[in-house]
Every structure is written in structure tokens, then in C-alpha cells.
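Quick note on full-length UniProt numbering: the sequence shown kicks off at 1 and runs consecutively.
What follows is one structure encoded as C-alpha cells, with my remarks underneath.
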Amino acid sequence: MEEMVLQEGEEEEGEPPLRGGKECDGGDGVTGGGRERGWEEEGEMGRGGATSVVLLNAVSVQTGSVSSFNCTVTGSGPDPASVVWSIRDTSGNLLSSASLFTTQLFGTADSTDGSVISQGTFTVTQSHLGQRLFCTVTDQGSSSTTSIYTVITATNQANLGQTCSAAISCSPANSRCSNNICVCSTGYTVNGNTCNQKKQLGSSCPVGNSQACAPSDSQCSSFQPYVCECQNGYVQSGSTCVLSQAGLGESCTNPSRTCSVSDSTCTFGTCQCSNGFVSSGSTCITSTAGLGDSCSNPSRSCTVLNTVCDPFSGYTCQCTGNYVQFGNQCIANYVGLNQACTNPSRTCSVTNSICGSSGLCVCGSGYVQSGSSCITSTVGLNEECENPNRTCSVTNSECGSSGFCVCGSGYVQSGPSCVISNVNLGDSCVNPTLTCSVPNSSCGVSGTCTCSQGYTQSGSTCVSNSAGLGESCTSPTRTCVDANTECNATNGTCDCESGYVSNSVTCISESAVAGQACVSSVGCVATGSVNPSCVNNVCECPNNFFIFNAGCNASPANTQNPFTVNGASNFPSTYVGATCYEVNLHESTQMVCEDAKGQPLSAAGWYHMPSFTAVSISTGGFINGDISNTDLTVSNALSNYTGDYMCRLCYSSSRCTNSTTVQLRVLGTEIQSSTLSVSPSGTITKGSTVTLTCSTSPTGVASTYIFYKDSTVIQSTTQSTFQIQNVQTTHIGSYRCNASNTTQTVTHNFDDGDLVITCSGFSANPAISAYTFYNEAGSQLASSASASYTVNSTQGYQIYYCRATNSLGTSNEQYIDVQEPGTEPGVGASTENTGLGTGTIAAIVLGIIFLLLLIIIIIVCCCSYGWCRKKEKVEPEIHIVSQPPVKPYIPSVSTEEYEPYVASPRYYLKPATSTGPIISMFDDSYEQPRAHQLPALDTQYLYSDDHKPRHKKKRRKHRRSHREPSPRRDVYAEVTPPSDEDLVVVPGKQNYMEADA
Numbered sequence: 001m002e003e004m005v006l007q008e009g010e011e012e013e014g015e016p017p018l019r020g021g022k023e024c025d026g027g028d029g030v031t032g033g034g035r036e037r038g039w040e041e042e043g044e045m046g047r048g049g050a051t052s053v054v055l056l057n058a059v060s061v062q063t064g065s066v067s068s069f070n071c072t073v074t075g076s077g078p079d080p081a082s083v084v085w086s087i088r089d090t091s092g093n094l095l096s097s098a099s100l101f102t103t104q105l106f107g108t109a110d111s112t113d114g115s116v117i118s119q120g121t122f123t124v125t126q127s128h129l130g131q132r133l134f135c136t137v138t139d140q141g142s143s144s145t146t147s148i149y150t151v152i153t154a155t156n157q158a159n160l161g162q163t164c165s166a167a168i169s170c171s172p173a174n175s176r177c178s179n180n181i182c183v184c185s186t187g188y189t190v191n192g193n194t195c196n197q198k199k200q201l202g203s204s205c206p207v208g209n210s211q212a213c214a215p216s217d218s219q220c221s222s223f224q225p226y227v228c229e230c231q232n233g234y235v236q237s238g239s240t241c242v243l244s245q246a247g248l249g250e251s252c253t254n255p256s257r258t259c260s261v262s263d264s265t266c267t268f269g270t271c272q273c274s275n276g277f278v279s280s281g282s283t284c285i286t287s288t289a290g291l292g293d294s295c296s297n298p299s300r301s302c303t304v305l306n307t308v309c310d311p312f313s314g315y316t317c318q319c320t321g322n323y324v325q326f327g328n329q330c331i332a333n334y335v336g337l338n339q340a341c342t343n344p345s346r347t348c349s350v351t352n353s354i355c356g357s358s359g360l361c362v363c364g365s366g367y368v369q370s371g372s373s374c375i376t377s378t379v380g381l382n383e384e385c386e387n388p389n390r391t392c393s394v395t396n397s398e399c400g401s402s403g404f405c406v407c408g409s410g411y412v413q414s415g416p417s418c419v420i421s422n423v424n425l426g427d428s429c430v431n432p433t434l435t436c437s438v439p440n441s442s443c444g445v446s447g448t449c450t451c452s453q454g455y456t457q458s459g460s461t462c463v464s465n466s467a468g469l470g471e472s473c474t475s476p477t478r479t480c481v482d483a484n485t486e487c488n489a490t491n492g493t494c495d496c497e498s499g500y501v502s503n504s505v506t507c508i509s510e511s512a513v514a515g516q517a518c519v520s521s522v523g524c525v526a527t528g529s530v531n532p533s534c535v536n537n538v539c540e541c542p543n544n545f546f547i548f549n550a551g552c553n554a555s556p557a558n559t560q561n562p563f564t565v566n567g568a569s570n571f572p573s574t575y576v577g578a579t580c581y582e583v584n585l586h587e588s589t590q591m592v593c594e595d596a597k598g599q600p601l602s603a604a605g606w607y608h609m610p611s612f613t614a615v616s617i618s619t620g621g622f623i624n625g626d627i628s629n630t631d632l633t634v635s636n637a638l639s640n641y642t643g644d645y646m647c648r649l650c651y652s653s654s655r656c657t658n659s660t661t662v663q664l665r666v667l668g669t670e671i672q673s674s675t676l677s678v679s680p681s682g683t684i685t686k687g688s689t690v691t692l693t694c695s696t697s698p699t700g701v702a703s704t705y706i707f708y709k710d711s712t713v714i715q716s717t718t719q720s721t722f723q724i725q726n727v728q729t730t731h732i733g734s735y736r737c738n739a740s741n742t743t744q745t746v747t748h749n750f751d752d753g754d755l756v757i758t759c760s761g762f763s764a765n766p767a768i769s770a771y772t773f774y775n776e777a778g779s780q781l782a783s784s785a786s787a788s789y790t791v792n793s794t795q796g797y798q799i800y801y802c803r804a805t806n807s808l809g810t811s812n813e814q815y816i817d818v819q820e821p822g823t824e825p826g827v828g829a830s831t832e833n834t835g836l837g838t839g840t841i842a843a844i845v846l847g848i849i850f851l852l853l854l855i856i857i858i859i860v861c862c863c864s865y866g867w868c869r870k871k872e873k874v875e876p877e878i879h880i881v882s883q884p885p886v887k888p889y890i891p892s893v894s895t896e897e898y899e900p901y902v903a904s905p906r907y908y909l910k911p912a913t914s915t916g917p918i919i920s921m922f923d924d925s926y927e928q929p930r931a932h933q934l935p936a937l938d939t940q941y942l943y944s945d946d947h948k949p950r951h952k953k954k955r956r957k958h959r960r961s962h963r964e965p966s967p968r969r970d971v972y973a974e975v976t977p978p979s980d981e982d983l984v985v986v987p988g989k990q991n992y993m994e995a996d997a
């Protein structure tokens with residue numbers, strides 16, 4: 001097809017313009033053999049209209065055949081509004097109608113690029129030849145038009161770019177028909193309507209004409225020299241241009257090229273996948289595949305644990321049959337209790353388990369977890385119902401304390417069921433064994449509930465065959481069993497026989513004597529010197545009269561013989577072991593009381609008479625004497641326990657019998673308080689003699705007096721005085737005394753071995769749990785269940801004491817004075833042995849040497865410090881205010897022998913100040929001493945002989961080592977060092993001393 005191109009401003013030579021259009025004809029005008037030219041109209045059409053309009057002739061134009069012409073509009077802006085075909089003669093007359101043409105519009109996909117192709121097809125007739133075929137383009141918006149035409153000429157050759165076919169050949173040399181269009185042959189480039197041979201790489205080329213370069217992807221360089229070269233992104237390979245980047249399998253050397261595929265490298269001249277990667281088409285992928293990744297073509301290993309290459313999933317890595325995917329891993333598909341079963345969904349493997357709403361495997365409905373299993377949540381009788389908790393499904397059953405299902409309270413098992421366990425009279429009570437619920441009924445031999453032996457049926461109840469006082473004895477017939485009762489046929493109840501009267505509980509004699517039950521309306525019968533009175537339904541004697549032989553007597557029986565007060569038939573007979581008991585002070589005894597009939601008691605007690613007040617039961621005082629043990633134990637007897645007592649035994653609250661009066665005599669008197677006095681009173685001077693006296697209240701009751709200097713025992717004898725002769729500075733200290741009338745004395749020679757002392761004489765209920773031993777300084781030596789303690793020679797001669805303890809408390813102390821044989825404490829040592837042992841002689845020799853050394857030291861000190869000069873004696877008067885009485889400690893556990901705590905005043909020897917002696921008093925309740933000043937005195941000292949050596953012939957290692965007993969028993973003593981100044985005597989607790997000025 002000839003291309004008709006019309007440039008704007010040009011017109012065909014020899015052809016006048018036709019209505020603004022342009023004409024192109026057949027060139028040489030030869031029909032069928034001439035070559036036609038195409039015309040192109042360039043320029044703006046309206047707003048951004050077409051830049052050019054090209055009209056191409058049909059490939060073959062033959063009369064009677066259909067030919068197609070193409071009108072190409074190229075420009076910018078919107079596409080043309082219309083393209084119209086028409087045939088006109090040379091004068092411009094219209095020769096065709098619109099219906100002649102079949103038109104098609106191409107390139108309309110983008111309506112904003114201003115470019116379209118309109119194809120006009122029609123059947124060529126003889127009259128069309130030589131006429132002009134117009135293509136008229138109308139602009140969008142401005143409606144301006146541009147027309148181009150070509151002369152319709154029959155042809156059989158085409159130029160470059162024109163339509164060609166088997167009938168129409170391409171006329172330019174080195175051209176060819178390709179896709180019905182004339183183009184240059186390979187290796188040639190278009191140059192107008194000619195085909196020139198293309199240039200090779202490195203050859204000169206027209207400036208800007210890259211099509212002149214033969215190799216693909218080559219261009220004419222932009223700078224001199226203008227030669228053909230490879231375009232950007234390409235490199236020269238021989239005479240061709242190849243990409244500068246090479247794909248997999250492509251050469252990467254000669255020339256050197258970059259392997260463009262990720263994870264590939266140039267290996268042996270070609271691009272290959274790197275280590276750890278394999279080729280997959282044109283890419284490199286890892287040689288190992290994760291979940292969901294392809295594992296075939298190429299073959300790759302599934303690296304995730306528990307995965308396989310699954311052909312049913314397109315040869316991708318998938319979890320094996322017993323696993324499911326969870327993120328990037330495979331986890332077990334079957335899970336146990338309390339394990340996650342969602343995200344991903346997994347199967348609960350435990351039987352009877354389900355995936356719960358929490359997303360965890362739990363036991364299903366009707367089941368509970370037991371360890372790693374699910375078991376039924378309901379169980380029958382005798383099945384486990386704990387660990388885990390399960391519901392006992394049987395009606396009236398419950399989970400018992402044993403952890404098994406049992407029948408609930410009031411029910412018993414009968415096969416797999418629970419039936420009521422209590423049945424009434426006449427109901428079956430066997431198979432299973434049931435309880436007869438009616439009181440005093442039992443399951444009889446017939447298998448039904450009947451009244452027990454000794455009872456008879458009365459309606460739906462069982463009543464005793466025996467009727468008591470006031471009870472029905474008819475309907476049904478019953479025997480009146482209370483003493484002195486009979487069935488009264490008139491009222492049908494048991495009444496008292498003639499000669500007896502009812503006290504609402506029993507029938508008692510109308511002639512009650514002392515100690516027997518009585519009725520106040522009837523009174524008591526006198527059998528002694530005075531009439532008893534009915535008090536609290538018991539015949540009691542007046543004050544100062546005592547029950548003896550059923551009568552009231554003016555004096556106590558004063559006998560240790562037993563006596564029984566016989567009660568009525570339904571009353572106890574109260575037996576006492578003696579009508580008079582004697583016990584030593586602080587010792588124990590047992591006052592016996594019991595029912596001579598031996599019947600069960602409902603109550604028992606002892607009372608002080610004649611006040612009829614109950615005896616207070618406490619450990620360390622009175623023990624028992626109640627329903628558990630009717631004997632009254634007197635523990636740690638005190639003087640105020642002396643008096644009259646009575647034992648009362650009861651079968652019920654209204655059936656009681658009082659014993660005869662029981663007298664208790666406590667032999668001995670407690671020490672209420674002790675005081676320590678000094679003679680002479682006032683300031684004591686050196687070289688004088690002082691006597692300390694320990695007095696008790698009441699007087700004359702102490703058996704042992706113990707004197708202390710500070711914490712050391714200086715005398716323990718039966719003497720109440722202690723004398724200090726030739727007072728010296730060595731006698732400065734705190735003095736006190738303890739008085740006791742229960743100290744146990746033990747003599748022992750430690751040459752013969754250790755000594756075992758025993759803490760005895762205690763009586764306690766509950767039983768004693770521990771015995772504790774102390775030395776005289778109050779230091780604990782031992783505490784155990786044993787009542788004995790072993791004293792060795794190192795501990796030596798001193799006063800020991802012990803206490804007994806039970807769950808209710810601790811007793812007072814019991815003192816044990818361990819002395820040397822033949823020693824009289826505080827007087828001197830003596831012995832009955834006429835011979836001297838080797839140890840004794842050695843002790844005497846050592847004693848003499850020590851005495852000589854002591855005398856030498858005293859002489860030297862006397863000469864050095866001027867102690868030997870004569871001193872003027874001054875004897876100021878001292879007033880002593882006696883200490884108020886101190887009550888003894890009340891023990892919590894009884895003891896037969898102990899030394900009660902008795903506070904005694906203490907005296908201090910204290911040096912005076914430079915302005916004169918100070919007389920002061922210390923008391924536990926005071927923080928500071930109270931001082932009074934006296935005129936200055938010459939230096940004199942109070943002297944104490946201490947106590948003389950305890951023995952002369954015994955070894956000194958056995959001498960008594962005295963220490964202060966328990967700190968509880970003594971007041972803290974302040975001791976000051978000796979000096980050459982005047983000394984004062986300071987009293988102890990709660991004593992105040994004042995000196996005349």
C-alpha cells in the first residue's frame with residue numbers, strides 16, 4: 001500500500017488544493033504498474049490535535065475486489081472526534097455515500113493519546129479508478145478538520161511500509177514482505193524507500209541512527225567517534241550484544257557478566273546456585289524446605305522435625321500423620337489432659353476427654369480427672385469418692401471419712417442401695433441389719449423390733465417393766481421397784497408405803513435421823529443430845545455438834561476408826577475411812593470417802609463444816625475429792641487446813657447422803673515472817689563484836705536458821721543468832737537469814753563416794769512430770785523425771801533444794817542440807833574417829849602452813865598501813881523499824897518436806913564518806929538509797945568470825961562451799977570494797993534505819 005504523507009504547508013506540484021485537502025496520485029499514472037506515493041498531513045488539530053495523518057493504499061486494488069485502506073492519526077491530547085471516508089472526483093464532487101464503506105477504528109483503548117487508526121474497506125468498481133479517496137479527521141472540541149486523499153489506482157507492487165501479498169510484491173531492493181507489510185530484509189535498515197546494509201559493532205554509523213547498527217540491542221554512540229556499540233545493560237560478545245547480567249546456566253565469562261539471580265555465583269564459567277541452594281526454574285532456592293515449602297523439582301530435604309515431603313500436598317513439606325502444624329513446627333496431634341487442643345486443633349487422646357472451652361483437654365461431662373485419666377464422676381457404694389472428689393450416686397449415700405461412698409447418717413446399705421437404718425416396733429430389722437429406733441427396743445429372734453428384756457410395749461413405745469415413784473403401774477402392768485413403794489390401784493401409780501413419805505424422788509422414812517435424807521414438812525428424829533434439822537433435804541446437826549452413830553454429839557469423835565452413814569434404799573451409804581485425820585505441817589494425807597453400796601455416783605464432793613462450803617480443789621492444796629476420785633488428798637498441809645469436813649455422795653441431784661463429820665488436824669505451824677536484827681545497834685567500829693538475830697513470827701517454830709553473807713552461807717544451825725567478833729574490813733557485805741522448819745539434814749563423807757539425794761514427800765494429780773534440783777546459790781543442777789540427784793565431792797557440803805512440776809504448776813522448795821559427819825554447823829568440827837587418816841594429816845599440815853602465811857601477811861599490812869594504832873570508839877544509837885510480815889509462797893505442787901520462802905532483812909557494811917558515815921537503806925522497790933549524815937568517826941571496823949573451820953581432821957576439800965540460794969528468795973545486795981573508813985550497818989528489805997545526830 002502506498003503511503004500518502006502530506007506535510008503541513010506543502011501541496012502536490014501540479015495539483016491545486018481541494019477544500020483544504022491534499023492530493024496524491026499514482027505517480028507515473030500507469031494502471032497496475034505504476035508506484036503511488038502516500039501523503040501525510042502534520043500539524044495541530046484543535047486543542048492538541050493530531051500531529052500527522054497518514055493514508056496508506058490498499059495492498060491490492062483490483063476492479064470488482066474488496067480493498068482496505070488505513071488512515072493513521074498520530075498526535076497528543078484526546079482522540080479525534082471522527083474519521084470519515086469518502087470518494088470524490090478531481091473537481092471535488094462527492095461520488096460515494098457513507099454506506100459504501102465498512103470502517104473499523106483501532107487504538108481507542110487510550111482515549112487521551114490522540115492516536116487512532118481508521119480502516120476503510122469497500123468494493124472497487126471501474127468508476128472508482130482514477131478518483132480520489134479522502135480520509136477526513138475531525139478534531140475533538142474545536143471541530144477543525146484535516147483531509148488527506150489518494151488516487152485509487154490498480155496496483156501489483158508495494159513500497160516499504162505498504163501492504164504486500166502474493167500478488168503484490170515489495171519493490172525496494174533488499175526488502176521483503178513480512179506480515180503483509182514491506183520491510184527491509186535482515187541486516188538492512190530503512191532509508192526512505194530503500195534498504196541499506198546495517199553496520200557491525202565498532203563500525204561508523206549515522207549520528208543518532210541506532211537502526212543503522214546491525215546487532216540487536218546495539219546503538220550508535222552519542223559521542224564521537226560515532227560507532228555502533230552495545231546499549232546500556234549489554235556487553236559485546238563477539239559480533240553480538242548480550243545482557244551484562246547472566247541468568248542461571250548462562251555464561252558469565254568471555255565476556256565477564258554478573259550472575260543476576262539471587263543466591264547464585266559464577267562457577268566454572270556459568271551462573272550456578274550457591275552452596276545450600278538449588279535451582280528452581282530461573283531462581284535459586286534453599287536446598288532445605290520448611291513447612292509448606294516445595295520439596296520436589298528440585299528435590300529438597302524437609303528439615304522441620306516430624307515433617308515429610310507429601311505428594312498429596314503438591315510435594316510440599318507437611319507434618320506427619322500424628323503431628324499437626326503449629327507455627328513453624330510440628331507438634332503431636334494427640335494431647336493429654338490440661339494440654340492445649342486448639343490453635344492448632346489437636347485430638348484429646350485420653351479416653352472420655354474433650355477439648356474444653358478453655359482450649360485445653362478436659363474430662364467430658366460425667367467424668368472427672370484422676371491423675372492422667374478420666375473416670376466417672378459418680379460412684380456407687382463402697383467406691384472411692386476422694387482424690388478426685390466424686391459424687392456418690394446412690395440415694396442417701398455420702399462420701400465417708402474413709403474416702404469411700406457409704407450410706408449417710410440414719411441409713412444402712414442393702415445391696416446397692418441405702419435404706420433407713422431406724423425402724424419402729426414390729427418392723428423388720430434384719431437383711432440388712434437395721435436399728436430399732438424406739439428407745440429400749442431391740443431386734444428380736446423373729447427379725448422384728450420388740451421391746452428389750454425388762455421393758456414392755458406401751459403403744460408405740462417401750463416402757464420399763466419397773467415403775468418408779470409416781471409412775472404408772474397399770475396399762476401396761478408394771479412393778480413398783482423403788483424402795484418402800486407400792487402400786488396404788490386407785491390412781492394407777494406407784495405411791496409410798498405406809499410409814500414413808502415422798503420427797504418427790506423417793507420414799508424416805510418418816511423417822512429420819514442425823515445424816516439421812518429428810519422432808520422439811522416431816523423433820524428429823526433425835527437420837528442424840530440435840531435434834532438435827534432438815535437442811536437441804538438432809539438431817540444436819542447444829543453448829544459445834546457432830547454426827548456420830550446417827551446422832552448429834554457435842555464433841556468430835558476424835559477417832560481414826562471408819563464410819564458409815566447408811567442411806568435409804570435408793571440413797572448412797574457414805575463411808576469414811578476415819579472420823580479424824582492427823583498430818584504434819586506441809587506433809588500429805590488421804591481422807592477416804594466412798595459409797596458402801598458401790599453404785600454409780602452422779603456427783604461427789606467435800607465440804608468445810610459447819611459452813612457447808614465446797615473444798616477448793618487445786619494442786620499443792622486439796623486434790624481429787626470429786627466424782628473421778630471421791631478420796632480427798634491433802635497435799636502440803638497448812639495450819640489453816642485444820643477443821644471439820646464432810647463428804648457428800650449422790651446418785652442424783654435429790655438422792656444424796658452426807659458422811660459423818662471428819663476432823664482434820666495439822667500438826668505444826670508455818671513461819672509467817674522472819675526478821676533480822678543487829679546488836680549492838682548503831683555504827684559498828686573495828687574490833688567490836690556484833691550479834692545478828694533471826695526472829696520468826698510466830699516465834700519458836702523454826703527448826704533451822706541459815707545466815708548468809710552476800711551469796712555465801714556462813715552458818716546453818718538450829719541457833720537463831722550469828723556472832724561476828726573483832727570486826728574487820730573483811731566483814732563488809734550484805735547479811736540476811738532464812739528460817740525453816742522443814743529442812744532435811746543429811747551427813748555424808750565424800751571419801752566414801754558420791755551422795756544420792758532424793759526429792760520426796762510430794763503428792764500431785766496430775767502426776768509429777770519433772771524434778772528440778774538447785775544448789776544453794778540458786779543455780780539449776782538438773783531437771784528430769786527422776787526424783788534423785790547425785791552430789792559429787794566437787795559440789796561438796798551445802799544446802800540443796802528441789803521442786804516438783806506437773807502440768808498445773810510447780811511446788812515449793814524442799815531443802816536438803818548436806819553436812820560432814822560429826823559436824824555441828826556454826827560451832828566447829830568434831831569426829832568420833834579416834835585415829836587420823838593420811839588424808840586428814842595432810843590437810844592439817846597444809847592448814848597450819850596457810851595459817852602461818854596469813855599471820856605474816858596481816859603483820860606486814862598492819863605495819864605498812866598503820867592499822868595497829870589505837871582508835872577511839874564511838875557508839876551512835878541506831879533505831880530499827882521492823883519489817884512487816886511476809887506471807888509464805890503458796891506452792892503449786894504438794895510436798896511433805898520443804899523450806900518455805902521467808903523474807904528476812906539484810907544488813908550492809910558500807911564505808912562512810914570523808915564527811916562522816918552514811919546510814920542508808922536499800923529496798924527492792926527503791927531505785928536510790930536514802931542517806932543520813934552523821935558526824936565523822938575514827939576508823940573502827942565491824943568484825944565477823946565468819947564461822948570457824950568445820951573440821952580439823954577431815955580433808956579441806958570437803959569444806960562447805962556456801963552460795964546464795966535462788967535469786968527469787970533474796971534481794972539484790974550491793975557489796976563495796978573494804979576501806980579504812982568507818983563502817984555502817986544497813987538493814988535489808990522494807991527496813992529503815994536512822995541514826996541520831
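For each residue, glycine too, the CB sits at the ideal point set by N, CA and C.
- Cβ contact annotation for S372 (same chain, cutoff 8 Å, sequence separation greater than five): G336, L337, V350, in chain order.
- It is roughly 9 Å from the alpha-carbon of A173 to the alpha-carbon of N193.
- Counting every other CB atom within 10 Å of its CB across the protein chains shown gives C863 a total below 16, marking it as exposed.
- A Cβ-Cβ contact shorter than 8 Å links D89 with Q131.
- In this structure, I420 is the residue among I420, V445, S345 with its C-alpha nearest to the C-alpha of S437.
- In the DSSP assignment, no residue is bridged to D263.
- With respect to the 8 Å criterion, D631 and Q590 are classified as neighbours on the basis of their beta carbons.
- I724 is bridged by DSSP to V690.
- By the neighbour-count definition (other C-beta atoms within 10 Å, threshold 16), G77 is a buried residue.
- Taken in chain order, the whole beta strand (DSSP E) runs of length 3 or more contained in the segment 188-259 are 188-191, 194-197, 218-220, 228-230, 234-237, 240-243.
- Here S740 is buried. Its C-beta has 16 or more other C-beta atoms within 10 Å.
- Residue state for T351 is assigned as coil, using DSSP reduced to three classes.
- For T153, the closest alpha carbon among the candidates E820, T125, I856 is that of T125.
- In the three-state reduction of the DSSP assignment, H608 falls in the strand class.
- Rounded to whole angstroms, the separation of the alpha carbons of Q715 and Q723 is 10 Å.
- Taking the C-beta atoms as reference points, G233 is found no nearer than 8 Å to L248.
- Between A604 and the set T613, E594, P610, the nearest pair of CA atoms involves E594.
- The continuous beta strand (DSSP E) containing C407 extends over residues 405-407.
- Secondary structure of D310 (DSSP, three-state): strand.
- Minimum Cα-Cα distance from V235 among the listed residues L201, T391, V666, C266 corresponds to L201.
- Assignment of N531 by DSSP, reduced to helix, strand and coil, places it in the coil class.
- The shortest C-alpha to C-alpha distance from V662 to any of C580, R736, S695 is the one to C580.
- Shown here, N322 sits in coil according to DSSP, grouped into three states, outside any helix or strand.
- In this chain, the beta strand (DSSP E) harbouring R665 covers 662-667.
- Apart from the 5 residues on each side of it in sequence, G208 sits with its Cβ closer than 7 Å to the Cβ of C220 in its chain, given in chain order.
- For G551, the enclosing beta strand (DSSP E) stretches over residues 551-553.
- Under the DSSP definition of a beta bridge, A603 partners with C650.
- Burial check for E497: the Cβ neighbour count within 10 Å stays below 16, so the residue is exposed.
- Secondary structure of Q590 (DSSP, three-state): strand.
- Annotated three-state conformation of S740 is strand, per DSSP.
- In this structure, the CA atom of L55 is about 14 Å from the CA atom of I87.
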